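If you're matching positions, the sequence shown starts at 0 in numbering that gives the first Met the number 0 and goes up one per residue. Each residue gets a CB set at the ideal place from its N, CA and C atoms; glycine is no exception. Please read these numbers as outputs of a predicted model, since none were measured by experiment.
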Amino acid sequence: MPRPRKCRRITNAPDITYFKPRGVPLRELAEVYLTLDGFEAIRLADLERLSQDAAAQQMQVSRQTFGRILSTARQSVAKAIVNGMALRIHGGEYRACRQTFEGEAEQSPAQDLSAGAERPMPIQAGPKEQDQMNRIAISSEGPNLDDPVDPRFGRAAGFIVIDPATMSFDYIQNGAAQVRAQGAGIQAAETVARAGATAVLTGYVGPKAFQALAAAGIRIAQNLDQMTVRQAVERFQSGALQWSDLADAKGYGA
Numbered sequence: 000m001p002r003p004r005k006c007r008r009i010t011n012a013p014d015i016t017y018f019k020p021r022g023v024p025l026r027e028l029a030e031v032y033l034t035l036d037g038f039e040a041i042r043l044a045d046l047e048r049l050s051q052d053a054a055a056q057q058m059q060v061s062r063q064t065f066g067r068i069l070s071t072a073r074q075s076v077a078k079a080i081v082n083g084m085a086l087r088i089h090g091g092e093y094r095a096c097r098q099t100f101e102g103e104a105e106q107s108p109a110q111d112l113s114a115g116a117e118r119p120m121p122i123q124a125g126p127k128e129q130d131q132m133n134r135i136a137i138s139s140e141g142p143n144l145d146d147p148v149d150p151r152f153g154r155a156a157g158f159i160v161i162d163p164a165t166m167s168f169d170y171i172q173n174g175a176a177q178v179r180a181q182g183a184g185i186q187a188a189e190t191v192a193r194a195g196a197t198a199v200l201t202g203y204v205g206p207k208a209f210q211a212l213a214a215a216g217i218r219i220a221q222n223l224d225q226m227t228v229r230q231a232v233e234r235f236q237s238g239a240l241q242w243s244d245l246a247d248a249k250g251y252g253a
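Next comes the structure, spelled out in structure tokens:
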């Protein structure tokens, strides 16, 4: 089983989490995602001008890990600017907190606020996001739980987006991605991200779609195409899934 990612320490959350080109309707824009840990890496390296060693120490990750976070974050920003895409700051592997100091007036009896202690820092979720933290998206050949898992993520017939705690679900058609000559996987990734999914269960995911999902902070489980949607959800509930670190598709427009 892949080793779980270590959460990255964030001390500043953005007040504004969405940017778009002026004069272009939102419905006409593709989105690119900048994770919250990527936002923090850019802030430390490019605004605060910290060295990579100092920034990595502040985020409590290795220098090599910080370098990878920063490189991915800069690429996301560059892609949005160069291609005229909307930039959404969302998701990622992070632990939010802020530093407190002696003499700070704000106190809380439930927390240790002595000098140098840490306390949670609120990060606002996007629209409806707080109600959808446990929603998972399963690529499905049909709109019901007993339909087969569609092996293709990018060109799946649709997605069942379900709350595994209550088993309430919605079905989202994936027609917009299916008709694309290119970029079907990225379009599908944007669809499930907008639905508030924090995990995807499917057969296989292509490299570009995998990168888009990871950038949105969405976990991915593959090789589930020999079962029904219900069986995939039951495997999720039992904790028996293996989360992927790499794309599994060999083309296939996924």
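Sheet register partners of residue i (DSSP bridge)
i	result
Ala220	Leu200
Phe209	Partner(s): none; Phe209 has no beta bridge.
Gly157	Ser139, Gln172
Glu30	Ala85
Arg234	Per DSSP, none; premise fails for Arg234.
Asp162	Ser167
Phe65	In DSSP, Phe65 forms no bridge with anything.
Thr227	Pro147
Phe18	Leu86
Between the CA atoms of residue j and residue i - distance to the nearest angstrom
i	j	result
Gly157	Ser243	21 Å
Asn11	Gly91	14 Å
Ala72	Val23	24 Å
Asp169	Lys19	28 Å
Glu140	Leu43	45 Å
Thr165	Asp145	16 Å
Gln74	His89	15 Å
Asp36	Ile219	19 Å
Val228	Met84	33 Å
Contact set for residue i: own chain, Cβ-Cβ below 7 Å, skip 5 residues either direction
i	result
Ala231	Ile137, Val148, Leu200, Leu223
Lys207	Gly184, Ile185
Pro13	Phe38, Ile88
Helix, strand or coil at residue i according to DSSP, with G and I counted as helix
i	result
Val23	coil
Arg193	helix
Val60	coil
Phe38	helix
Sequence-distant residues of the same chain with beta carbon closer than 6 Å to residue i, five excluded per side
i	result
Ser107	Note that Ser107 scores 33 on pLDDT, short of 50, meaning its location in the model is unreliable; the coordinates nonetheless yield the value given after this. Same-chain partners within the cutoff: there are none.
Arg234	Leu240
Lys78	Val31
Phe209	Ala246
At least three beta-carbon pairs within less than 8 Å, the region 131–150 to the region 194–211: Touching, per the Cβ criterion.
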